[in-house]
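What follows is a short report on a single structure.
2 protein chains.
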Amino acid sequence: MAAGSTNETTKPSSKLEHGIRADLAEGRLAVDRRLPSERELAERYGTTRITLREALSHLEMDGLIYRENRKGWFVSDRRLVYNPLWRTDFQRMTREQQRQASTELIEAVSAVGPDAICELLETLPGTEFWRIRRRRRVDGRLVVFVEHHLSKSVFTDILEQDLAGSLTSLYRERYAIEYGDVFFEINPIALTGMPAAELHCSDGTFGLQIVRVNRDQTGRILDCDVEYWRHDAVSIRIDTRESVR
Amino acid sequence: MAAGSTNETTKPSSKLEHGIRADLAEGRLAVDRRLPSERELAERYGTTRITLREALSHLEMDGLIYRENRKGWFVSDRRLVYNPLWRTDFQRMTREQQRQASTELIEAVSAVGPDAICELLETLPGTEFWRIRRRRRVDGRLVVFVEHHLSKSVFTDILEQDLAGSLTSLYRERYAIEYGDVFFEINPIALTGMPAAELHCSDGTFGLQIVRVNRDQTGRILDCDVEYWRHDAVSIRIDTRESVR
DNA sequence: TAGTGGTCTAGACCACCCT
DNA sequence: GGGTGGTCTAGACCACTAA
Numbered sequence: 001m002a003a004g005s006t007n008e009t010t011k012p013s014s015k016l017e018h019g020i021r022a023d024l025a026e027g028r029l030a031v032d033r034r035l036p037s038e039r040e041l042a043e044r045y046g047t048t049r050i051t052l053r054e055a056l057s058h059l060e061m062d063g064l065i066y067r068e069n070r071k072g073w074f075v076s077d078r079r080l081v082y083n084p085l086w087r088t089d090f091q092r093m094t095r096e097q098q099r100q101a102s103t104e105l106i107e108a109v110s111a112v113g114p115d116a117i118c119e120l121l122e123t124l125p126g127t128e129f130w131r132i133r134r135r136r137r138v139d140g141r142l143v144v145f146v147e148h149h150l151s152k153s154v155f156t157d158i159l160e161q162d163l164a165g166s167l168t169s170l171y172r173e174r175y176a177i178e179y180g181d182v183f184f185e186i187n188p189i190a191l192t193g194m195p196a197a198e199l200h201c202s203d204g205t206f207g208l209q210i211v212r213v214n215r216d217q218t219g220r221i222l223d224c225d226v227e228y229w230r231h232d233a234v235s236i237r238i239d240t241r242e243s244v245r
Numbered sequence: 001m002a003a004g005s006t007n008e009t010t011k012p013s014s015k016l017e018h019g020i021r022a023d024l025a026e027g028r029l030a031v032d033r034r035l036p037s038e039r040e041l042a043e044r045y046g047t048t049r050i051t052l053r054e055a056l057s058h059l060e061m062d063g064l065i066y067r068e069n070r071k072g073w074f075v076s077d078r079r080l081v082y083n084p085l086w087r088t089d090f091q092r093m094t095r096e097q098q099r100q101a102s103t104e105l106i107e108a109v110s111a112v113g114p115d116a117i118c119e120l121l122e123t124l125p126g127t128e129f130w131r132i133r134r135r136r137r138v139d140g141r142l143v144v145f146v147e148h149h150l151s152k153s154v155f156t157d158i159l160e161q162d163l164a165g166s167l168t169s170l171y172r173e174r175y176a177i178e179y180g181d182v183f184f185e186i187n188p189i190a191l192t193g194m195p196a197a198e199l200h201c202s203d204g205t206f207g208l209q210i211v212r213v214n215r216d217q218t219g220r221i222l223d224c225d226v227e228y229w230r231h232d233a234v235s236i237r238i239d240t241r242e243s244v245r
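Chains as they are written, first to last, in my numbering: chain A, 1 to 245; chain B, 1 to 245.
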């Protein structure tokens, strides 16, 4: 049982959860930001792994800790504040929050858009787009997997550009395009398949899906991004007093 | 990826999950919208309850089914499309989506605002507000618990009004107030305590917290809402081509 | 190769819901 | 009161990671 915690709940798993919560708060469990192994924790708190994992799942859902697939449990950092209406690039956004970002290009190919994407981009089913897949880290941690679908007619030679950098800058500097209206959708979902694999989380981990459709200043549809966020890494904030950009 | 694909996974839980997924898709499990008991399902799929619950949790996180505390598992309906920038009342919003809404008043009292709320409302810590707690259903299902904190000086006699109806209408008709700017924040979190209890979900169920600060047309802060949504019941959508109201 | 997380078994007891 | 979900035990094997 954790020191200092005098929780009166009778459920072992609650006591366990509160014990770990206290240990996290007081830094006893933040060694290297990785928690001790499940077997060690189970023994330390006098319970079984199943029960321990139940408690850890609660803390995970609450955003205090997260899992790296087959690697273990880690202490979560503060959430990144994200406004899907901002048109500043990711690097700058993170820098303004005293965080450090990096982007990795996974693939960039021409591919037929799934029906849902074609509909969002107002094209016929079966239309081909540039499909760019990337993932981003904040302070070293993988937090979001992004799939971009770009109009092939607008961005004819995009594959020859540096796709690990900011697309926003590329649009402006290479194609003289400024963003106009945006549509976006936020869905709480389970991360599975490629997003889960790329984010190193186990299949079924909870996440946030953000779908965006971007237009230029003339209203022409440019592209569509589908983002898959680790749920504990992000907080969406929008203020209408700010400019929409 | 492809619909109806035969999954080759060897893991029992994945087969289980896909089996249930197919049964849901083809209506074999939607009897009364409530699933058979866990023991019956475990037997039907030839596994134990623990493993079955693991699979059900995945489907829950994916938004296909949900739990009512101690009552069982139910098939989720389609998500309600919600735009926190819209100023139409809840009834009208649901009606436009061919859904039916109802609101229940839980309590309406004067109470000291928590520090975080006072900060959002730009008042000194310890300031009192009208605290109104309500919960809402869509097509009969409990989907959101809301805590409103209203300025006592602006809404002097609000406790005498009908608080199970639309606050938007009340503002306009009783106080001649129109909404102005909005700030809001969306956080994926675990539902615990009162929100979980009021929504009849078990402690630790995944949910979406939406915090809103509303101003009137002159920029004066009116109130703050804290909403706790069942995660599978909502999809946030915003389009800058629409008017902000 | 040792240890880890991921998964699974086959039970059990309790509090609570519904009838 | 019977059945339900919520919780828990005490093991086990496997695939993978890290050394």
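Note that CB positions come from ideal geometry on N, CA and C, so glycine has one too. Since we're looking at a predicted model, the values are computed, not measured.
Residue-level contact to chain A via CB, residue i, 8 Å cutoff
i              : result
F184 (chain B) : yes
F90 (chain B)  : no
A2 (chain B)   : At A2 (chain B), the pLDDT of 30 sits below 50, so the modelled position is not reliable and the matter cannot be decided from this model.
D181 (chain B) : yes
H231 (chain B) : yes
A108 (chain B) : no
L208 (chain B) : yes
H58 (chain B)  : yes
M194 (chain B) : no
I189 (chain B) : yes
Residue-level contact to chain B via CB, residue i, 8 Å cutoff
i              : result
S5 (chain A)   : Only weak support is given to the placement of S5 (chain A): the predicted model assigns it a pLDDT of 33, under 50, and the value that follows is read from those uncertain coordinates. False, the Cβ-Cβ gap to chain B never drops below 8 Å.
A25 (chain A)  : no
D239 (chain A) : yes
M93 (chain A)  : no
I236 (chain A) : yes
G19 (chain A)  : no
G204 (chain A) : yes
K15 (chain A)  : no
Through-space distance from residue j to residue i, alpha-carbon basis
i              : j              : result
D139 (chain B) : R67 (chain A)  : 36 Å
G46 (chain B)  : G72 (chain B)  : 19 Å
E227 (chain B) : F145 (chain B) : 6 Å
L199 (chain A) : K152 (chain B) : 47 Å
G113 (chain B) : E107 (chain B) : 15 Å
E122 (chain B) : L167 (chain B) : 21 Å
T48 (chain B)  : T48 (chain A)  : 18 Å
L120 (chain B) : P36 (chain B)  : 45 Å
I117 (chain B) : F155 (chain A) : 46 Å
A164 (chain B) : R99 (chain A)  : 44 Å
R212 (chain B) : N83 (chain B)  : 12 Å
T240 (chain A) : W130 (chain A) : 33 Å
P125 (chain B) : E185 (chain B) : 21 Å
T289 (chain A) : F74 (chain B)  : Outside the shown range of chain A, which is 1 to 245, sits residue 289 (chain A), and nothing can be said about it.
E96 (chain B)  : A25 (chain A)  : 46 Å
G207 (chain B) : M194 (chain A) : 24 Å
G27 (chain B)  : R87 (chain B)  : 37 Å
Three-state class that DSSP yields for residue i in the structure shown
i              : result
P188 (chain B) : strand
R49 (chain A)  : helix
G180 (chain A) : strand
H148 (chain B) : strand
R78 (chain A)  : coil
L16 (chain A)  : helix
Chain-order list of residues whose beta-carbon lies under 7 Å from that of residue i (same chain, five-residue window excluded)
i              : result
I20 (chain B)  : L29, A55, L59
N214 (chain A) : Y179, V182, L222, D223
A111 (chain A) : E128, F129, R131
S13 (chain A)  : T51, E54, A55
T192 (chain A) : D203, G204
N- and C-terminal bounds of the beta strand (DSSP E) containing residue i
i              : result
A111 (chain A) : 101–112
S235 (chain A) : 234–239
L41 (chain A)  : Note, L41 (chain A): premise wrong, no beta strand (DSSP E); alpha helix (DSSP H) at 38–44.
D223 (chain B) : 221–230
G126 (chain B) : Element bounds for G126 (chain B): n/a, residue is neither H nor E.
F155 (chain A) : Careful: F155 (chain A) lies outside any beta strand (DSSP E) and carries neither H nor E.
V68 (chain B)  : The displayed chain sequence assigns Glu, not Val, to residue 68 (chain B). Counting along the chain, the beta strand (DSSP E) containing E68 (chain B) begins and ends at 65–68.
Q91 (chain A)  : Taken as a continuous stretch (DSSP letters only), Q91 (chain A) belongs to no beta strand (DSSP E), being part of the alpha helix (DSSP H) at 90–96.
Residues near residue i in its chain [Cβ-Cβ closer than 6 Å; skip 5 each side]
i              : result
L41 (chain B)  : L52
E147 (chain A) : R133, V226
L159 (chain A) : A108
R91 (chain B)  : The sequence given here places Gln at residue 91 (chain B); Arg does not occur at that position. So the list reads A101, once near-sequence residues are dropped.
Q161 (chain B) : L170
I236 (chain B) : Y82
N69 (chain B)  : H200, C201, S202
Chain-order list of residues whose beta-carbon lies under 8 Å from that of residue i (same chain, five-residue window excluded)
i              : result
G63 (chain B)  : S76, R79, H231, D232
R135 (chain A) : T103, E104, I106, L142, V144, F145, V146, E198, L199
Opening and closing residue of the alpha helix (DSSP H) in which residue i lies
i              : result
L167 (chain A) : 167–175
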